[in-house]
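Residue numbers (UniProt numbering): 1 to 530.
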């Protein structure tokens, strides 16, 4: 009986380290980019919408206050005119005509002004071209004002004769005996030249799609970028309904044409009108999408460069692993123990091990050397500014009290200019030797820059630091230098925490004391004031 053949299992294909790393980097990059883009989109969308709403409300509120202020000014102008004309009741009609003409032209508040008696007869009008003097007034708003015998503001309405949109505002006329004489009223044609039209008549849609419109207390459009929509009833709009109730605020909603808008709205207390500033949401979304597309386009080239770098890096990283894996495989078969950092019979591993050891040793030496050079002033051999700042920061963090002595060689520029920089360098080295000879173990002595040195004396009071500074100053003054002159120094002392709790404050106080020493004669030591 034949023996059944065993099924042959083909070895599964293994993924290389290079491919794995590239796939991992690609996945992480795409995932991170997607998260960032989605997060950025949502965050910026909320931020832009909130900012737009706030800005629209701010603009609407500002404009509503302008309208309110204008109407109050118009009311004040009429009231003053009514009082003036009441006092001129017995004057000639020509005098009153002149006053009405002056009143109309001086402010541009009204397109026309009329004076009617209690029975509705027109006594005066401006401009004179109206030709209404002596005629019986039939306009419903004027008749309503005469009926009320009080200040009156009509709703906006369309003139039956001209078809233009206007409103009527009036003030009652009383003589000194409180007898009702009639009304002084002004008309404002919203589409004609007047102060309201000057301010709000040039309404347009800006490049972002934002615009504003003004509605009457009945919900009719008074000012709008689309002139064809003037006097259109938009009272069904939720924003308009809120303003008709006297509310102000901001909201996202659809306009009468179904377009989603961000609206800021504000009611006008003086007349019941409302101002709405709107921006289409679509514009914001389009801006965000354009921004995201730009970000994606900017990331394509860096992503390709990143993949190339990962490929090169992964290839170089995988190569020594292959060699080491082969070595480990042979070691395991031959039961050979891999010595720890010792010479190996395999030349490649031995070279790699030696190279690693040599490289590590060299790196350690170079690191130590660089660290030493980075923390030491090459000219004097003292600690440099970086090391000094590190010591101060550590002591301050540990709350170790210490004194700071800032020493400056007097007239060092004169030494350099007169005897040369080599002589100046020799003076600095000699100063460093004097400083080193006069400090304790644990003290820090550093060259801070140029001819300036700084000493840190831990757990040393200012008085004791003063003694150290004076000893250094006197030693330096008596020291012999290869120059036909005497080398002196000025010194400033500050104390932590008495004079400051930060490195900058301490050095600043010490510098102030040094400045005082310099300007009071040099060659002396000054302790900073508390």
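For every residue, glycine included, the Cβ atom is placed at its ideal position computed from N, Cα and C.
Inset, instruction - Assign residue 305 to buried or exposed, taking buried as 16 or more other Cβ atoms, counted over all protein chains shown, within 10 Å of its Cβ. - result: The residue labelled residue 305 in the question sits at position 305 within the chain shown. Exposed, by the Cβ-count rule.
Inset, instruction - If I'm right that residue 213 touches residue 116 with Cβ under 8 Å, what's the distance once you round it to whole angstroms? - result: For the purposes of this step, residue 213 is taken as residue 213 along the chain shown, with counting starting at 1. For the purposes of this step, residue 116 is taken as residue 116 along the chain shown, with counting starting at 1. By a beta-carbon distance limit of 8 Å, residue 213 does not contact residue 116. Their separation comes to about 34 Å.
Inset, instruction - List the endpoints of the continuous beta strand (DSSP E) containing residue 525. - result: Within the chain shown, residue 525 is the residue found at index 525, counting from 1. For residue 525, the enclosing beta strand (DSSP E) begins and ends at 525 to 527.
Legend entry - Alpha carbon of residue 224 to alpha carbon of residue 105, nearest angstrom: As a position in the chain shown, residue 224 is number 224, starting the count at 1. As a position in the chain shown, residue 105 is number 105, starting the count at 1. One C-alpha to the other measures close to 26 Å.
Inset, instruction - Look at residue 27 and residue 307 and say whether their C-beta atoms are less than 8 Å apart. - result: Stepping through the chain shown from its first residue, residue 27 is reached at position 27. Stepping through the chain shown from its first residue, residue 307 is reached at position 307. No, the Cβ-Cβ distance between residue 27 and residue 307 is not below 8 Å.
Inset, instruction - Could you please give the first and the last residue of the uninterrupted beta strand (DSSP E) stretch that includes residue 110? - result: In the chain shown, the residue the question calls residue 110 occupies position 110. DSSP places residue 110 outside any beta strand (DSSP E), giving it a letter other than H or E.
Inset, instruction - Could you work out which residue in 281, 496, 173 and 505 is closest to residue 82 when comparing CA atoms only? - result: For the purposes of this step, residue 82 is taken as the residue at position 82 of the chain shown. For residue 82, the closest alpha carbon among the candidates 281, 496, 173 and 505 is that of 173.
Inset, instruction - Measure from the alpha carbon of residue 456 to the alpha carbon of each residue in 450, 474, 475 and 436, then state which is nearest. - result: Reading the chain shown from its first residue, position 456 is the one you call residue 456. For the residues 450, 474, 475 and 436, the minimum Cα distance to residue 456 belongs to 436.
Inset, instruction - Specify the secondary structure class of residue 54 as computed by DSSP and reduced to three states. - result: Start at 1 with the first residue of the chain shown, and residue 54 comes out as number 54. Reduced to three states, the DSSP call for residue 54 is helix.
Inset, instruction - Pick helix, strand or coil for residue 440, following the three-state DSSP scheme. - result: The residue given as residue 440 occupies position 440 in the chain shown. Residue state, collapsed to three classes: coil.
Legend entry - Sequence-distant residues of its chain with Cβ nearer than 6 Å to residue 57 (five each side left out): Against the chain shown, residue 57 aligns to sequence position 57. Excluding positions up to five away in sequence, the list reads 250 and 264.
Legend entry - residue 442 vs residue 385 beta-carbon contact at 8 Å: Counted from its first residue, the chain shown places residue 442 at position 442. Counted from its first residue, the chain shown places residue 385 at position 385. Residue 385 sits away from residue 442, with the two beta carbons spaced by 8 Å or more.
Inset, instruction - Can you grab the Cα-Cα spacing for the pair residue 279 / residue 254, in whole Å? - result: Your numbering for residue 279 matches position 279 in the chain shown. Your numbering for residue 254 matches position 254 in the chain shown. Rounded to whole angstroms, the gap between the alpha carbons of residue 279 and residue 254 is 11 Å.
Legend entry - Nearest candidate by alpha-carbon position, reference residue 281, set 269, 493, 252 and 135: Working through the chain shown from its first residue, we reach residue 281 at position 281. Comparing Cα-Cα distances from residue 281 to each of 269, 493, 252 and 135, the minimum goes to 252.
Inset, instruction - Enumerate in chain order the residues of its own chain whose CB-to-CB distance from residue 375 is below 7 Å, with the five nearest sequence positions on each side excluded. - result: Residue numbering aside, residue 375 sits at position 375 when the chain shown is read from its first letter. If we look at residue 375 and ignore the five residues flanking it on each side, its Cβ neighbours are 383, 384, 386 and 387.
Inset, instruction - Could you work out which residue in 417, 418, 420 and 410 is closest to residue 431 when comparing CA atoms only? - result: On the chain shown, position 431 is the one that residue 431 refers to. For residue 431, the nearest C-alpha among the options comes from 410.
Legend entry - Backbone CA spacing between residue 363 and residue 426 [nearest angstrom]: Against the chain shown, residue 363 aligns to sequence position 363. Against the chain shown, residue 426 aligns to sequence position 426. Any answer about residue 363 is weak, because its pLDDT of 47 lies below 50 and its placement is not dependable; what the coordinates show is given next. Going by the C-alpha atoms only, they are around 34 Å apart.
Inset, instruction - Report the residue from 43, 180 and 166 whose alpha carbon sits nearest the alpha carbon of residue 87. - result: If you number the chain shown from 1, residue 87 lands on position 87. Ranking 43, 180 and 166 by Cα distance to residue 87 puts 180 first.
Inset, instruction - Sort out for me which residues DSSP pairs residue 252 with in a bridge. - result: Here the question's residue 252 lines up with position 252 in the chain shown. Residue 252 is bridged to 262.
Legend entry - residue 415 - containing alpha helix (DSSP H), residue span: By one-based count along the chain shown, residue 415 stands at place 415. 412 to 419 is the span of the alpha helix (DSSP H), which, as asked, contains residue 415.
Legend entry - 4 or more residues per run - each alpha helix (DSSP H) lying fully within the segment 83 to 162: Runs found: 93 to 107 and 140 to 148.
Inset, instruction - On a CA-only basis, which of 65, 92, 188 and 416 is nearest residue 123? Give me that one, please. - result: Looking up residue 123 in the chain shown gives position 123. The candidate whose alpha carbon is nearest that of residue 123 is 92.
Legend entry - Euclidean distance between Cα positions of residue 508 and residue 424: Along the chain shown, one-based indexing puts residue 508 at 508. Along the chain shown, one-based indexing puts residue 424 at 424. For residue 508 and residue 424, the distance between alpha carbons rounds to 26 Å.
Legend entry - Nearest-angstrom beta carbon gap, residue 187 and residue 575 [assumed within contact, 8 Å]: Here the chain has residues from 1 to 530 only, and residue 575 is not among them.
Legend entry - CB-CB length for residue 198 against residue 219, believed under 8 Å: Here residue 198 corresponds to residue number 198 of the chain shown, with the count starting at 1. Here residue 219 corresponds to residue number 219 of the chain shown, with the count starting at 1. Incorrect: roughly 25 Å between the Cβ atoms, too far for contact.
Legend entry - Best match in 216, 231, 109 and 134 for proximity to residue 185 [C-alpha to C-alpha]: As a working note, residue 185 is residue 185 in the chain shown. Ranking 216, 231, 109 and 134 by Cα distance to residue 185 puts 109 first.
Legend entry - Straight-line gap, residue 491 to residue 498 (C-alpha atoms, nearest Å): The residue you call residue 491 lines up with position 491 of the chain shown. The residue you call residue 498 lines up with position 498 of the chain shown. Going by C-alpha positions, residue 491 is about 18 Å away from residue 498.
Legend entry - Cα-Cα separation, residue 50 to residue 210: Reading the chain shown from its first residue, position 50 is the one you call residue 50. Reading the chain shown from its first residue, position 210 is the one you call residue 210. The straight-line gap from Cα to Cα measures roughly 15 Å.
Inset, instruction - For residue 130, collect the residues of the same chain with a Cβ closer than 7 Å to its Cβ; drop the 5 residues on either side in sequence, then sort them by chain order. - result: Taking the chain shown and counting its residues from 1, one reaches residue 130 at position 130. Excluding positions up to five away in sequence, the list reads 112.
Legend entry - Proximal residues to residue 613 (C-beta, below 8 Å), its chain only, five neighbours per side dropped: Here the chain has residues from 1 to 530 only, and residue 613 is not among them.
Legend entry - Cβ neighbours of residue 190 in the same chain (closer than 6 Å, five flanking residues each side left out): Walking along the chain shown from the start, residue 190 turns up at place 190. The beta carbon of residue 190 is closer than 6 Å to those of 165 and 222 in its chain, skipping five residues each way along the sequence.
Legend entry - Residue environment, residue 525, which counts as buried when at least 16 other CB atoms sit within 10 Å: Counting from 1 along the chain shown, the entry for residue 525 is found at position 525. Result: buried.
Legend entry - Paired residues, beta bridge with residue 212 - DSSP: Here residue 212 is taken as the residue at index 212 of the chain shown, counted from 1. DSSP, once it has assigned bridges, lists 277 as partnering residue 212.
Inset, instruction - Return yes when the Cβ of residue 380 is within less than 8 Å of the Cβ of residue 578, no when it is not. - result: A query on residue 578 cannot be resolved here, the shown segment of the chain reaching from 1 to 530 and no further.
Legend entry - Alpha carbon of residue 75 to alpha carbon of residue 151, nearest angstrom: Along the chain shown, one-based indexing puts residue 75 at 75. Along the chain shown, one-based indexing puts residue 151 at 151. If you take the alpha carbons of residue 75 and residue 151, they lie about 9 Å apart.
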